[in-house]
Amino acid sequence: MIDIVLVAAVVPTRRGVLEQTLRRFQSGGARVLLACLFDPAELDLPASLAQARWLVGPEDDPSFDRRVRRAEPGRQMWIFAERDGVFRRRGARADVLVALDPRAIHTVWQLAQRNRHADAVYGLTPAANAVQARLANPAHFATRRMLLSMPSPTLAARGVLRSATDRGRGLARRLAGKRIMRTRIGRGIWRTVVTAPGLSDTRRIGLANRVYDSMLRAEQVEAATATAVAVARKVRDTRRRAQLTSRATAAELAQGRVPEHLASVVGSQLSLADECLRRGDAQGAGAAVSTASALLFHRGIHFDVLSSPLVDDPAGFLAPIYHSEVGRALAGCRGRARAAKPPTGRRQRILFITRLNDNFLGEIRARYATHPDCETRYLDLDSDPNTQPLTRRDSAMISHILAGDSAYGHEVTEWLKPHLEWADTIFIDWCAASAALVTLIDPGPTRVIVRLHSYETFTLWPHMVDFSRVDDIIFVSEHLRDLTLRAVPALVGPTAPRARVISNAMELTKLPRPKDAQARFVLGLVGISAVAKDPRWAIEVLRLLRRRDDRYRLVLLGSDINPRASGAAARYLRELEREIGELTPAGAVERWGHVEDVPSALTGIGVILSSSVRESFHCALVEGAASAALPVARDWPFFAGRDHSARTLFPADWVVSTPAEATERIIANTADEAVWREQGAAASRHALTTWDWNVVARDYDRLFFGG
Amino acid sequence: MTSARPHPSLPRRRRRSGQPTPGGRPHLLYLAIGFPPAAKSCAYRMRETANQFCALGWDVTVITICDQAWEREFGLDHTLSEGVDPRVRVIGLPLFRADLETDIRAFPEKRTLNPGRWLTELREREQKLFPEPVFGGWRIELERALLRAHRERPSDLLLTTCAPYVNLAATVRLWDEEQVPYAVDFRDGWSVDVIGGGEAFPKDSVAGRWESRALEHALAVWCVNDPIADFYRDRYPELADRVRVVRNGFDPDSLPDPADRATPAPDAGLTFGYLGSVNFKPAFLESVLAGWRLARRDEPLLARATFEVRGHIGAGSAREDNAHMELLRAAAPDGVTFGGPVAKADVADTYGRWDAIVLMLVGGRYVTSGKVYEVMASGLPVVSAHAVDHDASNVLTGHPLWTGAVGLEPTALADRFAAAARLARAATDKQRTTGRALAQRYARAAQIAPAAEYLTALTVRSGVNSAPQEVAR
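So the sequences go chain by chain: U and P. Residue numbers for the first sequence follow UniProt numbering, beginning at 1 and rising by one. Residue numbers for the second sequence follow UniProt numbering, beginning at 1 and rising by one.
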């Protein structure tokens with residue numbers, strides 16, 4: 001029996017080829033071990049074809065993680081592999097060792113030093129050839145196994161050499177170590193070195209990357225970015241220059257800082273895209289735009305911090321896009337052959353489209369599913385595994401828009417065209433990938449409605465949607481409309497769709513229920529998974545309240561912030577945890593986590609908070625108000641002082657500017673139970689008569705049927 | 001053309017040892033990387049060229065790279081060598097493409113640690129010697145090999161065929177040191193961007209300077225089609241009368257016997273086929289397969305049809321393991337199969353089993369591809385999957401079984417697949433005969449013979465010391 005060990009550091013993209021080769025191995029009587037650095041379930045291969053082994057590192061071992069991080073790309077897998085006894089043993093007696101991707105080569109190379117009789121090859125076809133050769137001449141290979149039973153004699157020598165080299169590297173590391181990088185002189189010297197004349201691009205970039213990483217480790221993020229930008233000026237190749245600065249900028253963005261050079265770095269990526277576009281390389285242009293977009297709309301500066309440069313000056317911040325050729329090409333109007341036309345002689349067909357998130361569509365779909373004047377269908381673009389990958393190829397989407405034609409575009413058309421042909425009206429929830437995908441296609445006489453909630457404004461998506469093919473754009477609040485119209489020029493041009501504001505669809509009548517008397521001193525904050533919700537503001541309110549009356553408590557509902565989202569998010573969460581930790585022993589803060597039955601939970605909450613820096617509408621506050629909790633809304637800083645803001649959305653007395661003001665409002669309205677209940681009832685009445693679905697549905701009827 | 005004086009490119013002073021022996025056979029050095037048994041499409045042209053010179057009385061020494069080197073790339077086809085004149089001497093240089101090595105034991109550790117960086121550095125090193133990635137590093141060895149071959153047996157003419165373009169460096173070296181007259185079979189040219197159209201690099205770039213220098217003294221510059229020839233005539237007006245079109249043409253032994261062909265039985269599924277290297281982008285193949293899928297869905301004649309793809313896919317570690325293979329496998333439910341390469345000796349049988357041919361070609365007006373002639377001469381309906389403004393369209397115009405070029409839009413391609421299916425069922429003998437007859441002028445021998453005769457007349461029959469003769473162009 002032939003023993004084969006396949007090694008893969010990344011999920012093989014050609015799964016079909018892999019499966020077919022494994023079947024050939026199986027039919028030749030081979031035994032296969034597939035060792036990988038990812039969950040083997042991702043391959044979805046029949047277990048009978050290969051024994052899969054996931055090479056994992058020790059849990060919670062920072063030194064191991066550090067070692068992996070510092071290792072060269074090829075060695076990283078070997079660090080995992082060499083500690084896996086089963087893998088080592090199978091590798092030592094295998095007949096054929098196979099690397100499936102570049103990052104697996106070194107691991108196979110290492111095994112080959114220890115197992116000298118095995119074939120060690122890169123790629124599936126060479127592996128199949130090696131197996132074939134062994135099947136054809138088993139005697140030859142049996143002799144070879146006998147003669148080469150010992151590991152390579154150079155192996156031990158190499159080990160000694162490596163330890164000596166490591167010492168040399170260690171010295172270089174110390175010279176560029178954290179301690180030196182924390183000094184201005186140290187940083188200055190290294191900056192001089194990496195920008196010195198006479199270095200080749202390759203050497204300069206290699207050195208700059210090491211210096212840059214070291215500065216990051218020393219938490220000198222700004223200096224690291226400035227060094228990378230200075231080095232980039234010396235690099236001749238446009239692509240490598242853009243890569244260098246983009247990498248540096250991304251690291252600073254992840255820390256939640258707006259890099260000083262952001263505009264120029266984004267500009268250089270867009271110049272690269274323009275260059276690609278001019279020479280007809282739409283794919284290259286698409287990739288460069290994707291990179292520029294990842295920087296410009298990095299969550300570290302829009303979502304995981306308490307401000308966003310886009311809000312202060314949308315036109316200035318997005319200028320690199322507006323001024324690039326690719327930006328203009330993306331915003332180009334392809335138009336439609338025919339104007340939208342309502343059906344005659346039959347019910348209107350409405351197609352609701354979303355991707356993954358249908359949280360805000362429930363009431364709307366339910367109403368029109370049974371409405372006598374229409375028939376409806378629903379399409380979640382993520383639901384079909386065959387077409388779902390099309391929704392994730394942002395770069396292909398950009399390339400298609402830039403090139404005007406592509407195989408990708410044809411696939412999308414083939415998929416969505418029948419849906420468009422069926423519908424008289426398409427309602428696309430979220431002005432994101434779904435809207436960009438659908439507007440790749442001329443909708444013919446079908447009317448297209450797109451609803452934008454909030455986060456989309458801080459992404460490239462609205463700049464990729466062809467609004468000349470959209471009839472109506474719906475915003476859920478006026479302040480989001482104002483901001484988006486300032487950020488997206490295509491929404492104010494001559495081919496812009498009608499802009500309407502319609503509140504979110506919420507079934508509020510189920511919420512008013514008798515509240516417990518103790519709820520009077522319970523502050524509730526529903527939804528804390530984003531930094532923009534700023535729960536630390538609510539903690540500050542609680543602190544101020546408890547200075548005057550320690551009966552006040554805060555309950556937090558919903559899942560926590562994901563610390564892996566970015567360095568900025570992790571930093572915020574650390575601070576939040578610290579503050580919660582201080583208050584928890586006294587029972588002042590409780591975390592209820594995800595709650596299924598919100599109406600019941602709200603019976604225990606007497607004051608509902610909106611502590612966010614940015615909201616489009618804040619359903620949770622309105623639901624709390626409908627439940628007769630006392631609403632206290634922060635004047636969301638992103639919009640405060642503008643024509644429209646929290647102050648124009650809610651009754652004036654609900655809105656406060658500071659934690660101190662919030663404290664005053666809460667004390668004034670909860671000191672007495674009767675006052676609290678009276679204020680709660682008033683808030684509930686206002687919510688029900690303004691935002692309940694019975695009221696808002698009339699706006700949707702007008703949207704779909706006119707009048 | 002009548003020449004009143006010796007050709008300006010002929011050396012004024014005879015090289016030291018290159019004088020042909022009176023009454024002996026002249027010696028041609030043929031620098032042809034890709035010569036049989038390399039399983040490459042250029043091997044057919046090279047084989048015919050060497051054979052033609054042999055037939056014209058030359059002793060031919062071919063310089064190529066060794067068989068083991070080809071095994072790393074697209075492999076070997078020994079049936080190709082069977083058709084090489086036995087008098088042709090072949091020198092196989094041990095020049096290997098390190099990037100295609102798949103034996104990890106042969107990898108330096110540095111390569112295993114960071115294959116991407118290793119490859120980048122390799123490419124940089126290669127281009128330090130000559131401005132051509134992948135092959136630039138072969139310059140020194142090629143120069144030495146040509147000088148060695150010439151010094152062992154003085155040559156009267158060097159015929160260099162590109163790609164790789166690094167061959168030009170060795171050609172120039174032999175000229176500089178030994179004044180051996182030479183011609184360049186430029187095929188697809190170098191400074192012309194045959195895929196995108198226009199100029200690939202300017203005249204004053206490093207590559208541009210190499211090209212100018214190499215062509216300056218060339219007796220002849222052969223190109224595979226008129227657009228490329230015109231490009232070179234425009235770029236180098238002083239060379240205009242030395243640039244000539246030598247089309248690739250087809251080999252009659254690759255064609256199926258018309259007598260064996262019968263109209264497919266009505267209940268039998270049709271077989272469409274593509275034969276050639278799959279070297280276009282995956283998106284290109286995706287479009288063709290999408291067109292095929294639509295056609296099979298909508299055209300009853302294609303309901304049980306199959307589409308057989310034959311040829312080389314990928315090289316080195318990616319051989320038959322790349323995005324194209326994945327696409328082909330995913331298209332298996334649509335009757336698409338991949339059967340690997342076809343030996344030259346089996347090409348006729350392969351065409352003989354097919355009912356229609358799919359011609360997938362990249363590029364545009366500067367690209368003809370040798371396949372188009374073979375496809376035309378096969379007498380089978382042809383589905384064109386290439387740009388409308390493609391030189392293949394010029395060649396195929398007038399072919400009664402050609403369904404026209406419609407670009408790569410899947411619905412348009414589907415329509416052409418359906419049209420070819422109808423032709424496969426209904427084509428008359430007359431139509432097939434007309435198609436084959438139209439292709440006759442593109443027989444490979446007929447294309448290369450005049451060019452070889454011209455060079456023979458120019459270098460041997462005229463000679464440096466003899467009176468100039470009339471030579472046919």
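Beta carbons: idealized from backbone N, C-alpha and C, even for Gly.
task = Run the CB neighbour count on residue 552 of chain P, radius 10 Å, all protein chains shown included, and call it buried at 16 or more, exposed below.
result = In the structure as shown, chain P begins at 1 and stops at 473. Residue 552 of chain P is therefore absent and cannot be evaluated.
For U/Gly-593, three-class secondary structure by DSSP = U/Gly-593: strand per DSSP, three-state reduction.
key: C-alpha distance - U/Gly-177 paired with U/Ile-189, whole-angstrom precision   = Their Cα atoms are separated by approximately 13 Å.
request  = Grab the span of the beta strand (DSSP E) containing P/Phe-186 for me, first residue to last.
outcome  = Note, P/Phe-186: beta strand (DSSP E), 182–187.
message = Can you give me the C-alpha to C-alpha distance between U/Phe-64 and U/Pro-73, rounded to a whole angstrom?
response = Cα to Cα, U/Phe-64 sits roughly 15 Å from U/Pro-73.
inquiry  = Less than 8 Å between the C-beta atoms of U/Val-7 and U/Leu-100, yes or no?
reply    = Yes, Cβ-Cβ distance for U/Val-7 and U/Leu-100 is below 8 Å.
key: Pair within 8 Å by beta-carbon distance, U/Phe-458 and U/His-302   = Cβ atoms of U/Phe-458 and U/His-302: closer than 8 Å.
inquiry  = With a threshold of 8 Å, are at least 3 pairs of Cβ atoms found where one atom belongs to the region 565–573 of chain U and the other to the region 460–476 of chain U?
reply    = At 8 Å Cβ cutoff, the stretches do not touch.
key: Secondary structure of U/Ile-205, DSSP reduced to three states   = Note: U/Ile-205 maps to helix in three-state DSSP.
key: Closer than 8 Å to chain P by CB, U/Glu-42   = The beta-carbon of U/Glu-42 is placed no less than 8 Å from the nearest beta-carbon of chain P.
inquiry  = Distance check for U/Gly-527 and U/Ala-660, CA to CA, integer angstroms please.
reply    = Rounded to whole angstroms, U/Ala-660 and U/Gly-527 show a C-alpha spacing of 22 Å.
Length at least 4, wholly inside the region 92–123 of chain P: the alpha helix (DSSP H) runs in chain order = Fully enclosed alpha helix (DSSP H) runs of 4 or longer: 109–113.
request  = Identify, in the order they occur along the chain, each residue of the same chain with its Cβ nearer than 8 Å to the Cβ of P/Thr-459, setting aside the five sequence neighbours on each side.
outcome  = Around P/Thr-459, the same chain offers Leu-10, Pro-26, Asp-156, Leu-157, Pro-181, Leu-219 as residues with beta carbons nearer than 8 Å, after the five sequence neighbours per side are excluded.
inquiry  = Just to confirm my understanding: we take U/Val-211, look at its own chain, exclude 5 residues before and 5 after, and list those with CB closer than 7 Å. What are they?
reply    = The answer, listed in chain order, is Ala-176, Trp-190, Val-194, Thr-227.
message = Using a Cβ-Cβ cutoff of less than 8 Å, which residues in the same chain neighbour U/Leu-576 once the five nearest sequence positions on both sides are dropped?
response = Take U/Leu-576, set aside five residues on each side of it, and the residues of its chain with a beta-carbon closer than 8 Å to its own are Pro-535, Arg-536, Ile-539, Ile-561, in chain order.
key: residue 708 of chain U: contacting residues in chain P (beta-carbon distance under 8 Å)   = Nothing can be reported for residue 708 of chain U, as the shown portion of chain U is limited to 1 through 707.
query = Would P/Pro-8 be called buried (16 or more neighbouring beta carbons within 10 Å of its own) or exposed?
reply = Caution applies to P/Pro-8, whose pLDDT of 47 falls short of 50 and renders its modelled position unreliable; the value that the coordinates give is listed next. Exposed: under 16 other Cβ atoms inside 10 Å.
task = Let me know the secondary structure DSSP gives U/Pro-585 once reduced to three states.
result = The answer is helix: DSSP assigns U/Pro-585 an H, G or I state.
inquiry  = Closest to U/Ala-92 by C-alpha separation, out of U/Ala-118, U/Leu-207, U/Arg-83, would be which residue?
reply    = Out of U/Ala-118, U/Leu-207, U/Arg-83, U/Ala-118 has the C-alpha closest to the C-alpha of U/Ala-92.
task = Write down the C-beta distance between P/Ile-63 and P/Leu-28 rounded to the nearest angstrom, noting that I regard them as a contact closer than 8 Å.
result = The Cβ separation is near 11 Å, so there is no contact.
inquiry  = So if I threshold CB-CB distances at 7 Å, which residues from the region 89–120 of chain U count as touching chain P?
reply    = Within the region 89–120 of chain U, those residues whose Cβ lies closer than 7 Å to any Cβ of chain P are, in chain order, Ala-99, Pro-102, Ile-105, His-106, Val-108, Trp-109, Ala-112, Ala-120.
query = Going by the beta-carbon positions, is the gap between U/Asp-471 and U/Val-448 smaller than 8 Å?
reply = Cβ atoms of U/Asp-471 and U/Val-448: closer than 8 Å.
message = What residue range does the beta strand (DSSP E) around U/Pro-631 cover?
response = Unbroken beta strand (DSSP E) run through U/Pro-631: 630–634.
inquiry  = Which residues in chain P have a C-beta closer than 8 Å to the C-beta of U/Gln-20? List them in chain order.
reply    = Within 8 Å Cβ-Cβ: Arg-329.
ask   = Which stretch, first to last residue, makes up the alpha helix (DSSP H) that contains U/Val-696?
value = First-last of the alpha helix (DSSP H) with U/Val-696: 693–705.
message = With H, G and I counted as helix, E and B as strand and the rest as coil, what does DSSP make of U/Thr-13?
response = In this structure, DSSP gives U/Thr-13 a state outside helix and strand, which the three-state scheme calls coil.
request  = Output yes if chain P places a C-beta closer than 8 Å to the C-beta of U/Val-17; else output no.
outcome  = Interface residue (Cβ-Cβ distance to chain P less than 8 Å): U/Val-17 is classified as such.
query = With 16 other CB atoms within 10 Å as the buried threshold, where does U/His-323 fall?
reply = Exposed: under 16 other Cβ atoms inside 10 Å.
ask   = Could you give the C-beta distance for P/Glu-178 and P/His-150, rounded to a whole number, given that I count them as a contact under 8 Å?
value = 6 Å between Cβ atoms; contact.
task = Let me know if P/Glu-470 comes out buried or exposed under the rule of 16 or more other beta-carbons within 10 Å of its beta-carbon.
result = Bear in mind that the predicted position of P/Glu-470 carries a pLDDT of just 34, short of 50, making it too unreliable to give a figure here.
request  = Pull out every residue of the region 400–429 of chain U whose Cβ sits closer than 8 Å to any Cβ of chain P, in chain order.
outcome  = Listed by position, the residues of the region 400–429 of chain U near chain P (Cβ gap below 8 Å) are Asp-405, Ser-406, Ala-407, Tyr-408, His-410, Glu-411, Glu-414.
request  = Show which residues of chain P have a CB atom less than 8 Å away from the CB atom of U/Gly-123.
outcome  = Simply Thr-102, Gly-316, Ser-317, Ala-318, Arg-319, Asp-321.
inquiry  = Please report the straight-line C-alpha distance between U/His-618 and U/Ser-610, rounded to a whole angstrom.
reply    = In a straight line, the C-alpha of U/His-618 is about 8 Å away from that of U/Ser-610.
ask   = Taking three-plus beta-carbon pairs below 8 Å as touching, is the region 103–113 of chain U in contact with the region 97–108 of chain P?
value = Touching, per the Cβ criterion.
query = Beta-carbon separation of U/Val-465 and U/Thr-446 under 8 Å?
reply = No, these two residues do not count as a Cβ contact at 8 Å.
Identity of the residue in U/Gly-335, U/Gly-28, U/Ser-307 nearest U/Arg-469 by Cα = Residue U/Gly-335 holds the alpha-carbon nearest to the alpha-carbon of U/Arg-469 among U/Gly-335, U/Gly-28, U/Ser-307.
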